[in-house]
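The structure under discussion appears below in the form of structure tokens.
2 protein chains.
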Amino acid sequence: MPALRTRERPAELAAFETAVVEFFVDAAELVGVPKSVAAIYGSIFASAAPLSFAEIEARLGLSKGSVSQGLKILREVGAVKEVSTKADRTELFSPDLEMRKLIERFLESRVQRQLSAGGDRVADLRRRVAAMPPAEQSTLQGRVKKLEQWHSRTRALLPLVRTFLKLGS
Amino acid sequence: MPALRTRERPAELAAFETAVVEFFVDAAELVGVPKSVAAIYGSIFASAAPLSFAEIEARLGLSKGSVSQGLKILREVGAVKEVSTKADRTELFSPDLEMRKLIERFLESRVQRQLSAGGDRVADLRRRVAAMPPAEQSTLQGRVKKLEQWHSRTRALLPLVRTFLKLGS
DNA sequence: AGTTTAATTCATTTTGAATTGAACAAATTT
DNA sequence: AAATTTGTTCAATTCAAAATGAATTAAACT
Chain A
217 MPALRTRERP AELAAFETAV VEFFVDAAEL VGVPKSVAAI YGSIFASAAP LSFAEIEARL
277 GLSKGSVSQG LKILREVGAV KEVSTKADRT ELFSPDLEMR KLIERFLESR VQRQLSAGGD
337 RVADLRRRVA AMPPAEQSTL QGRVKKLEQW HSRTRALLPL VRTFLKLGS
Chain B
217 MPALRTRERP AELAAFETAV VEFFVDAAEL VGVPKSVAAI YGSIFASAAP LSFAEIEARL
277 GLSKGSVSQG LKILREVGAV KEVSTKADRT ELFSPDLEMR KLIERFLESR VQRQLSAGGD
337 RVADLRRRVA AMPPAEQSTL QGRVKKLEQW HSRTRALLPL VRTFLKLGS
């Protein structure tokens, strides 16, 4: 991704924006979100006034395609909301500050999904162990049990995390 | 990744192994671990007897390079231990069943790292807001505050997770 | 209606990570 | 010590995800 293009804004503003963008790009890396999406969110988050499509494109030096695609994703997950000034045709975007929702969505779409898929698999495994050669059965049964333990423990952890993140705001 | 090569083992054994491998490959996807590494761990985990390098290579149909590389990683994070039968030259591998350690390592290397990097960035941002144009300052200050909140909340969550996962074995 | 501006779509390209495979090293056997 | 077997390393390849940009649609203005 090319460096930020700065136009003629105060240097501090640009620097602030860059720093925010970097923050989000970094964080996104951890959870496997594309850089461009994180950068778009970052630049919107870093702007006091709602940002237009064109502004985002210009500030980040991204292609129209990436901006469109990124904004679509961000709207879908509710990370960004459109602030239509009916007077104008251009769409303006502000961050949806309920970051809790973001995390919720993430947990749901990734962790939750994986957990229930995993549940099915573990159940399947439990059935299969029964058909194993007697010599190996007890060992393998132990292994599958481990899997079950971890699965249920993780499952139990999820609501805890949810609750915790819900606490303030 | 090519399908499992089965050699002449009982069909149930192969099926069991495949299922376990799939379980781990799936889970790995969630946390961004390479398939091959997950598959190697899976096949070791699914085997009652320690597995040799050659066995892993054959069962998964991976290249020597991948197996070597994968085993290296798995050893480094303590997911797998070498069960040397001094009589033989071939290295044999068993799963290190302390999966807790695995998760610990993961949390440490990824989450922890990101959290402290993020901490620095947030501190930096806090300083920068001061230099913003007065008109925008209060808005931006609010935003940075949000970031701080989330950062500290996540930081607080981590030990909770650790404790929880430590509970039983 | 025709022109301009704004944004989306999607086939192609780019990029970066994962995997391969061939060359190499180390230990073992004959 | 030559040949063989076992595993490592790393440059080259492959592959999938991400980004691009040109074609297209949609809306607004003349």
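Top line first, the protein sequences correspond to chains A and B.
Mapping to my numbering: the first sequence position 57 is 273, numbers consecutive.
Mapping to my numbering: the second sequence position 96 is 312, numbers consecutive.
Note that beta-carbon positions come from the ideal geometry of N, C-alpha and C, so glycine has one too.
For clarity, every value in this text was computed on a predicted model and none was experimentally measured.
Inclusion of glycine 277 of chain A and valine 253 of chain A in the CB contact set at 7 Å is not warranted, their separation being larger than that value.
Taking 8 Å as the cut-off between beta carbons, the residues of the segment 322-333 of chain A near chain B are Arg326, Val327, Gln330, Ala333, in sequence order. Considering only beta carbons, the part of the segment 334-363 of chain B lying closer than 9 Å to chain A consists of Gly334, Arg337, Val338, Asp340, Leu341, Arg344, Val345, Ala347, Met348, Pro349, Ala351, Glu352, Gln353, Ser354, Thr355, Leu356, Gly358, Arg359, Val360, Lys362, Leu363, in chain order. The continuous stretches of beta strand (DSSP E) do not include proline 350 of chain B, which lies in the alpha helix (DSSP H) extending over residues 350-382. Membership of valine 296 of chain B in the beta strand (DSSP E) is indicated by the continuous run 296-298. For phenylalanine 261 of chain B and valine 360 of chain A, the gap between their C-alpha atoms comes out near 9 Å. Excluding sequence positions up to five before and after leucine 290 of chain B, its CB lies within less than 7 Å of the CB of Val253, Ile256, Tyr257, Val296, all in the same chain and listed in chain order. Here DSSP, grouped into helix, strand and coil, assigns leucine 278 of chain B to coil. Rounded to whole angstroms, the gap between the alpha carbons of alanine 230 of chain B and glutamate 324 of chain B is 35 Å. Close to glycine 248 of chain A, with beta-carbon spacing below 8 Å, are these residues of chain B in chain order: Gly248. Contact between leucine 341 of chain B and valine 236 of chain A holds, since their C-beta atoms are separated by about 7 Å, short of 8 Å. In this structure, the alpha-carbon of histidine 367 of chain A lies about 7 Å from that of glycine 334 of chain A. For serine 263 of chain B, the secondary structure class from DSSP, reduced to helix, strand or coil, is coil. For a Cβ distance threshold of 7 Å, residue set Leu381 of chain A lies close to arginine 369 of chain B, ordered along the chain.
Nearest in C-alpha terms to serine 259 of chain B, of all of A:Gln365, A:Leu356, A:Leu376, is A:Leu356.
Not a single CB atom of chain B sits nearer than 7 Å to the CB of alanine 230 of chain A.
By the C-beta density criterion, serine 300 of chain A is exposed, having fewer than 16 other C-beta atoms within 10 angstroms.
Sequence-distant partners of leucine 363 of chain B (beyond 5 residues in either direction) whose C-beta falls short of 6 Å from its own C-beta, in its chain, are Val338.
Taking 7 Å as the threshold, the shortest C-beta distance from alanine 264 of chain B to chain A falls below it. Ranked by Cα distance from lysine 317 of chain A, the first of A:Arg343, A:Arg371, A:Leu383, A:Asp242 is A:Leu383.
Bridge partners of serine 268 of chain A according to DSSP: A:Leu308.
When B:Glu238, B:Asp242, B:Glu245, B:Ser263 are compared, the shortest CA-CA separation from proline 349 of chain A is found for B:Ser263.
In the structure shown, threonine 234 of chain A falls within a helical segment according to DSSP collapsed to helix, strand and coil.
By the neighbour-count definition (other C-beta atoms within 10 Å, threshold 16), proline 226 of chain B is an exposed residue. Counting the other Cβ atoms within 10 Å of the Cβ of threonine 306 of chain A gives fewer than 16, which makes it exposed.
Going by C-alpha positions, valine 327 of chain A is about 28 Å away from glutamate 298 of chain A. Taking C-alpha positions only, arginine 321 of chain A is separated from glutamate 292 of chain A by approximately 10 Å. The Cβ-Cβ distance between phenylalanine 232 of chain A and proline 266 of chain A does not fall below 7 Å. Straight through space, the alpha carbons of glutamate 273 of chain B and leucine 374 of chain B are spaced by roughly 37 Å. Just so you know, the alpha carbons of alanine 244 of chain B and isoleucine 319 of chain B end up roughly 12 Å apart. Chain B places a beta carbon closer than 7 Å to that of leucine 373 of chain A, counting this residue as a contact. Contacts with chain A (Cβ-Cβ distance below 7 Å) from the segment 273-284 of chain B involve no residue at all.
In the assembly as shown, threonine 234 of chain A is a buried residue. Its beta-carbon has 16 or more other beta-carbons within 10 Å.
Flagged as an interface residue toward chain A: phenylalanine 239 of chain B, by a C-beta distance shorter than 7 Å.
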